[in-house]
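Sequence order for the protein chains is A and B. The numbers in the first sequence follow my numbering, run straight up by one, and end at 234. The numbers in the second sequence follow my numbering, run straight up by one, and end at 319. Ideal Cβ positions, reconstructed from N, Cα and C, are used throughout, including at glycine. The block underneath contains the structure these notes are about, expressed in structure tokens.
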Amino acid sequence: MSLYAYCLGDDIKLEMIGSSGVAEAPVYLIDTRGLAAVVSDFDGAMVPVNRGAVLSHERVVASILAATTPLPFRFGTLVSQEKLESYVESNFEKLLLQLNRVRGSVEMSVKIIWRPEKKDDEGAERASIVSAETGPGSRFLMAKRRELEESESLKEHGEEIASWLASIVECCVRESVVQVRPGGSLALSAAHLVERHRLEEYRHRVSAGLAERIALRFLTSGPWPPYSFCDLSG
Amino acid sequence: MTDILDDFDENELSLLETFDHVLSRGLVISGQITISVAGVDLIYLGLNVLLSSVETIKEILLSREEAHAEISAIGSAANQLQKPE
């Protein structure tokens with residue numbers, strides 16, 4: 001039997017937990033030097049990645065977020081009680097620093113997706129003429145060059161969007177974690193740590209900003225527990 | 235012209251965002267992460283396109299493989315990746 005760990009904090013109370021845990025298990029607290037870890041019992045060696053388990057994890061953490069800001073564990077954290085207590089003991093100061101870092105704040109997420117653009121007909125025509133006149137080696141190198149140019153252009157565009165987004169929200173964001181071109185169709189993925197009393201202002205500023213950039217698609221979400229602001233390595 | 239977000243309704247996007255947050259971020263207790271790819275449902279596979287979290291799972295599994303040499307378990311789980319729940 002392992003413990004499934006959801007989150008921890010220094011002011012979590014059992015009555016804040018409004019939901020059963022993964023596999024419908026009852027959720028309880030384990031206190032180590034005043035830091036309470038929210039856990040449930042888990043029978044098995046692995047947690048399946050499926051909708052039910054992920055939503056159960058998120059519901060437990062979200063119910064606590066409604067009352068206070070915890071440090072969330074990554075989904076799927078299975079641990080023995082001894083290991084958990086040892087983890088809290090050995091990282092006690094760092095965990096307190098992280099809790100103070102996020103106290104009174106929540107994470108808000110902005111993802112910006114490239115809109116598919118129309119192909120440049122003139123460019124395509126030019127490329128086909130060149131293709132007919134050159135050998136396979138030259139065509140390969142030219143394709144590579146076009147690929148690099150496009151990549152460089154997208155990178156510059158992503159960085160410009162990141163600067164623009166930062167300028168919009170800087171007055172109401174405590175910290176940011178921003179990835180430019182993290183992969184796929186994403187131009188940018190940003191996590192903002194926003195104090196609860198500034199959430200309305202943040203939402204208003206982001207909404208107004210979105211209207212300025214109709215050429216982009218935005219995916220905004222939150223409030224989340226501070227998943228992106230739980231780095232103990234620093 | 236279609237947009238990648240047009241493929242998802244609001245509930246699906248909300249679920250994708252939840253997956254993205256809980257799977258790739260948060261406190262990690264070294265050596266204790268155990269995630270199975272068996273039973274991954276189809277909407278989760280959509281993350282590969284939109285949110286890249288499948289890459290995170292692969293990284294976690296690789297770390298686990300290195301740490302525990304559980305190659306056979308990984309292979310078995312990977313074989314089930316295509317199966318919906």
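| query | result |
| --- | --- |
| Going by the beta-carbon positions, is the gap between Glu150(A) and Gly222(A) smaller than 8 Å? | no |
| Kindly say whether Ser228(A), judged by its beta-carbon, lies nearer than 8 Å to any beta-carbon of chain B. | yes |
| Sort Arg205(A), Ile214(A) and Arg196(A) by Cα distance to Ser105(A) and report the nearest one. | Arg196(A) |
| Applying a beta-carbon distance threshold of less than 8 Å, which residues of chain B neighbour Phe73(A)? | Gly260, Leu261, Val262 and Ile263 |
| Cβ of Leu219(A) less than 8 Å from any chain B Cβ? | yes |
| Kindly indicate the opening and closing residues of the beta strand (DSSP E) around Glu195(A). | Leu186 to Glu195 |
| Are there 16 or more other CB atoms within 10 angstroms of the CB of Asp254(B), so buried, or fewer, so exposed? | buried |
| On the DSSP bridge list, what partners appear for Phe218(A)? | Ile112(A) |
| Looking only at its chain, what residues have a beta carbon closer than 7 Å to the beta carbon of Glu201(A), apart from the 5 residues adjacent to it on each side? | Cys172 |
| How many angstroms separate the CA atom of Lys317(B) from the CA atom of Met46(A)? | Per-residue confidence for Lys317(B) stands at a pLDDT of 43, beneath the threshold of 50, marking its modelled position as unreliable; no derived number is given. |
| Cα separation between Arg217(A) and Glu251(B)? | 15 Å |
| Exposed or buried, what is Leu14(A) when buried is set at 16 or more other beta-carbons lying within 10 Å of its beta-carbon? | exposed |
| Going by beta carbon distance, what residues of the same chain come within less than 7 Å of Asp41(A), once the five residues before and after it are set aside? | Met1, Leu3 and Ala25 |
| Tell me whether Cys230(A) sits in a helix, a strand or coil according to DSSP, three-state version. | coil |
| Please classify Thr229(B): does DSSP put it in a helix, a strand, or coil? | The displayed coordinates of chain B run from 235 to 319. Any statement about residue 229(B) would go beyond what the structure contains. |
| From Ala187(A) to Trp224(A), what distance separates their C-alpha atoms? | 21 Å |
| Out of curiosity, what's the CA-to-CA distance linking Arg174(A) and Glu82(A)? | 35 Å |
| Using a C-beta cutoff of 8 Å, does Lys94(A) count as contacting chain B? | no |
| Can you tell me the Cα-Cα spacing of Gly273(B) and Leu257(B), whole angstroms? | With a pLDDT of 46 at Gly273(B), under the threshold of 50, the predicted position of this residue should be treated as unreliable, though the coordinate-derived value follows. Between Gly273(B) and Leu257(B), the C-alpha separation is close to 15 Å. |
| Determine, using beta carbons only, whether Leu35(A) comes closer than 8 Å to chain B. | no |
| So Leu97(A) is in the alpha helix (DSSP H); what residue range does that whole segment cover? | Phe92 to Val102 |
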